[in-house]
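Numbering (this note's numbering), first residue to last: 38 to 370.
We treat Cβ as the ideally placed atom computed from N, Cα and C, and that holds for glycine.
One structure below.
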């Protein structure tokens with residue numbers, strides 16, 4: 038800040054230097070004027086100028102230092118109070134900018150919320166004929182055709198579910214209710230929803246739950262579980278998916294291990310990025326949103342996600358849940 042202060046006063050200092058040089062030149066040319074006296078007088082003036090500048094520095098920069106430290110919270114009331122004419126000009130301009138940004142932010146937020154509500158309403162409307170379609174498919178007698186239609190129905194259902202959670206995830210902190218979740222029940226329910234797809238691909242499940250209860254939000258944990266299980270089924274063929282839970286160092290961990298195609302080492306750092314799809318397996322139907330949303334949903338739940346994988350041998354996702362005392366203060370706890 039002090040460097041900027043002297044840069045701001047550079048024109049005044051430059052003028053003082055010019056006047057000093059002019060006075061020295063006059064004293065040098067006019068022999069009747071004692072040069073040494075003028076030189077010492079100018080040294081005194083320069084000393085007084087430096088003292089004056091350093092004394093004025095705290096007062097003249099107080100407002101600007103306060104602005105630099107001001108939290109950009111779009112709250113005009115937290116702006117520092119000005120006490121100089123130019124500071125009042127800056128203060129009024131900042132207040133107007135804050136008011137404008139607040140209005141713009143409120144308008145855009147309202148538009149986004151309206152768009153989200155309209156999309157969610159449309160998705161719920163679409164689910165009604167989907168439910169009717171599921172009932173029709175279940176009454177079909179042709180087993181092969183039934184499995185094919187069930188698989189396509191499941192794909193549409195999963196896409197709609199992802200869209201719902203993608204719109205809700207922005208406001209996830211306001212949508213949490215932490216409670217005890219019975220793992221066998223939730224896992225069984227998600228496996229049943231994938232049953233036809235698993236039968237079509239010859240996939241089974243091996244479940245070993247040493248820990249049966251976790252503390253989390255049911256709907257968002259179910260979404261995370263659904264995404265990981267659907268990924269495991271999607272990239273596996275004629276093999277088993279292993280699900281187990283255990284307790285280590287006071288943390289409950291859930292492991293979801295498949296024996297599918299695995300993830301290439303160069304893709305591992307990017308699998309949770311928005312829109313990223315594999316650089317090796319080019320799946321045109323992939324959106325790259327599943328793992329991205331899963332990671333985003335896990336963060337406010339304080340669930341740590343780890344992944345290990347080896348191409349051709351499978352992938353293991355590990356969910357590490359926080360201890361109970363780490364959940365204090367969250368909704369429902």
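message = My output table needs one value for residue 259: the three-state DSSP class, helix, strand or coil.
response = helix
Check whether residue 335 and residue 261 have beta carbons under 7 Å apart = yes
key: C-alpha gap between residue 211 and residue 146, whole angstroms   = Roughly 15 Å separates the two Cα atoms.
When 221, 67, 101, 77 are compared against residue 42, the one with the closest alpha-carbon = 101
ask   = Should residue 221 and residue 252 be called a contact, given that it needs their Cβ atoms to be closer than 7 Å?
value = no
task = Measure how close the beta-carbons of residue 280 and residue 358 come, nearest whole angstrom, since I'm counting them as under 8 Å.
result = Not a contact, Cβ separation roughly 15 Å.
request  = Using the DSSP secondary-structure output, state which residues sit across from residue 282 in a beta bridge.
outcome  = 246, 291
ask   = By Cβ distance below 8 Å, which residues in the same chain neighbour residue 308 in space, the five residues on each side in sequence not counted?
value = 300, 328, 344
ask   = According to DSSP, is residue 273 helix, strand or coil?
value = coil
request  = Using 10 angstroms around the beta-carbon of residue 285, count the other beta-carbons present and answer buried if the total reaches 16, otherwise exposed.
outcome  = exposed
inquiry  = Just to check my reading of the structure: residue 294 and residue 353 have Cβ atoms closer than 8 Å, yes? What is that Cβ distance to the nearest angstrom?
reply    = The C-beta distance from residue 294 to residue 353 rounds to 4 Å, short enough to meet the 8 Å contact threshold.
inquiry  = Please report the distance separating the alpha-carbon of residue 141 from that of residue 207.
reply    = 19 Å
inquiry  = Can you tell me where the alpha helix (DSSP H) holding residue 56 begins and where it ends?
reply    = 47-66
ask   = Would residue 202 be called buried (16 or more neighbouring beta carbons within 10 Å of its own) or exposed?
value = buried
ask   = Which of the three DSSP states, helix, strand or coil, is assigned to residue 326?
value = coil
inquiry  = With the cut-off set at 7 Å, would you say residue 351 and residue 275 are in Cβ contact?
reply    = no
ask   = Terminal residues of the continuous alpha helix (DSSP H) containing residue 236?
value = 232-238
request  = Determine, using beta carbons only, whether residue 117 and residue 103 come nearer to each other than 7 Å.
outcome  = yes
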